[in-house]
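Under the numbering used here, the residues of the sequence shown are numbered 58 to 369, in order. One structure below.
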Amino acid sequence: MKTLKVLFVGLGSIGKRHLKNLHAVAAERGAQVQAWALRSSKKPLPDDVCAQLAGQLYAWDEAAYDYDAAFVTNPTSLHFDALQKLRGRARALFIEKPLFSDPSQRLADCIDEAQTAYVAAPMRWCGAMLALKAALGGLRPYSARVICSSYLPDWRPGVDYRTVYSARRALGGGVTIDLIHEWDYLVDLFGMPLETHNLRGTYSELEIDSDDLSVYIARWPHMLGEVHLDYFGRTYRRSIELFCKDGTVTADFGAGTLTLADGTVQNYAEPVNERYVREMRHFLDVLDGRCASANTPQTALNVLKLTLGESV
């Protein structure tokens, strides 16, 4: 039975999710996982997480140089440094989104050409999105309207929202890049827009120093788009509406539905973790050489620059 030697750089909530899914998907393929976590805190981990680890490390000089894969799941502001230290240590990289907090950072300075890399894009793997993508060939949208609205204090139950990276600009927080998923899937569906205009800032009563509202207007060759991102919506909303000749097609990612132009509602509701499991299957396919990365660092960097109004 094949054994995958893996390093997790950071093991917060998303790192724990990926660790659990990695074990599950590897087991589907008859493989085992030996995973180490490189941590900045010695706070004890839950027993079930410890059971999934071969060991815990607290300094880079404790890490090996022959990992099959490394997961970069620490705060965004630390990604660049982590990737520099992973050169020559890991054959493949799974990088949590966003890629960097500073779009001027260069891929050539942190990722070795020999390393295969995938940047997290879980929205691409949810059931409603896969159904929308399958239907897209028969549509000719005139415009798209995208919204992602949620209440930041509700994101992590039991955790003070003021302490998480989302609330802190210095750690790469703020809706503009924290909710980069929306631009990631728009570029995946329609390609890079010809031009964008963005207004953003902090407008609510939330005790944060990062932006809590970001609004875009964009233009593609045959379509216009509107994107609304916020941290203060009390009712969770995450959807895309495509206005087409025969009517409006709506993918509601919260409800897990796809509503066609004739009013037919297709149901793709599923546990949220299913999209992460599909994503992990894709990453292991990339690791095994079965397919190319669906979201390369260069693509992710271009999307990051787009969200921040930088030239691509």
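Glycine included, each C-beta is placed from N, C-alpha and C at the ideal position.
Proximity of residue i and residue j at Cβ, strictly below 8 Å
| i | j | result |
| --- | --- | --- |
| T133 | Q91 | no |
| Q113 | R148 | no |
| N359 | M180 | no |
| A177 | K154 | yes |
| L243 | V203 | yes |
| L236 | C205 | yes |
| A174 | L150 | yes |
| G145 | D169 | yes |
| V82 | V343 | no |
Those residues which DSSP pairs with residue i across a bridge
| i | result |
| --- | --- |
| G282 | A201, A275 |
| T91 | Inspection of the sequence shows that residue 91 is occupied by Gln rather than by Thr. K62. |
| E239 | Answer is none; E239 lacks a bridge partner. |
| L299 | A201, V306 |
| H254 | I274 |
| D287 | S206, L270 |
| N373 | Here the chain has residues from 58 to 369 only, and residue 373 is not among them. |
| T259 | DSSP output for T259 lists no bridge partner at all. |
| N4 | Nothing about residue 4 can be reported from this structure: the residues present for the chain run from 58 to 369 only. |
| R294 | S206 |
Distance, residue j Cα to residue i Cα
| i | j | result |
| --- | --- | --- |
| Y273 | T314 | 25 Å |
| P214 | R74 | 16 Å |
| D309 | A121 | 44 Å |
| M261 | L209 | Reading off the sequence, residue 261 comes out as Ser, not Met. Whole-angstrom Cα-Cα distance: 11 Å. |
| L256 | L341 | 38 Å |
| G304 | R295 | 20 Å |
| T259 | T364 | 16 Å |
| A201 | M280 | 7 Å |
| L286 | S207 | 9 Å |
| R86 | S350 | 19 Å |
| L143 | G229 | 21 Å |
| F65 | G194 | 38 Å |
| H238 | V129 | 17 Å |
| L189 | M337 | 21 Å |
| N131 | R225 | 14 Å |
| L196 | W182 | 20 Å |
| H323 | F300 | The amino acid occupying residue 323 in the given sequence is Gln; His does not appear at that position. If I take the Cα positions, the gap works out to 18 Å. |
| T233 | C167 | 24 Å |
| I265 | D217 | 11 Å |
| V306 | V63 | 41 Å |
| A312 | P328 | 11 Å |
| G67 | A111 | 15 Å |
| L95 | T321 | 49 Å |
| V284 | A357 | 18 Å |
| G72 | S271 | 27 Å |
| W240 | G231 | 15 Å |
| A116 | K100 | 15 Å |
| C348 | L263 | 43 Å |
| P160 | C107 | 35 Å |
| G282 | R276 | 6 Å |
| S97 | R219 | 20 Å |
| G346 | R291 | 43 Å |
| E298 | G366 | 23 Å |
Residue from the options with nearest C-alpha to residue i
| i | options | result |
| --- | --- | --- |
| S70 | A191, V221, R181, T353 | V221 |
| D211 | L299, F128, S200, S223 | S223 |
| A88 | L64, K190, L79 | L79 |
| D227 | L263, L344, S158 | What sits at residue 227 in the sequence shown is Ala, not Asp. Closest by alpha carbon: S158. |
| L246 | A191, I168, K362 | A191 |
| P354 | A165, T321, L365, L95 | A165 |
| Y288 | V82, W277, L317, D268 | D268 |
| Y124 | L102, T356, C107, W93 | W93 |
| Q162 | F137, P155, Y175 | F137 |
| K302 | D319, R291, L135, K99 | D319 |
| A326 | I265, T253, D345, L187 | L187 |
| I152 | G231, L140, G145 | L140 |
| N330 | G184, L110, R276 | G184 |
| A84 | Q109, P101, Y199, L317 | Q109 |
| S368 | H254, K100, A116 | H254 |
| D105 | K99, L76, A116, W117 | L76 |
| P278 | P103, I297, L102, P198 | P198 |
Residue i at chain B interface by Cβ criterion, 8 Å
| i | result |
| --- | --- |
| V129 | Annotation note: the requested chain B is absent from the structure, which comprises a single protein chain. |
beta-carbon residue i near the ligand NAP non-hydrogen atom, thresh 7 Å
| i | result |
| --- | --- |
| T259 | Ligands in the displayed structure: none, and consequently the ligand NAP is not present. |
Q.
Give the list of continuous beta strand (DSSP E) stretches no shorter than 3 residues that lie fully inside the segment 144-191.
A. 147-152, 173-176
Q) Which whole runs of the beta strand (DSSP E) in the segment 90-131 are 3 residues long or more, in chain order? A) 112-114, 124-129
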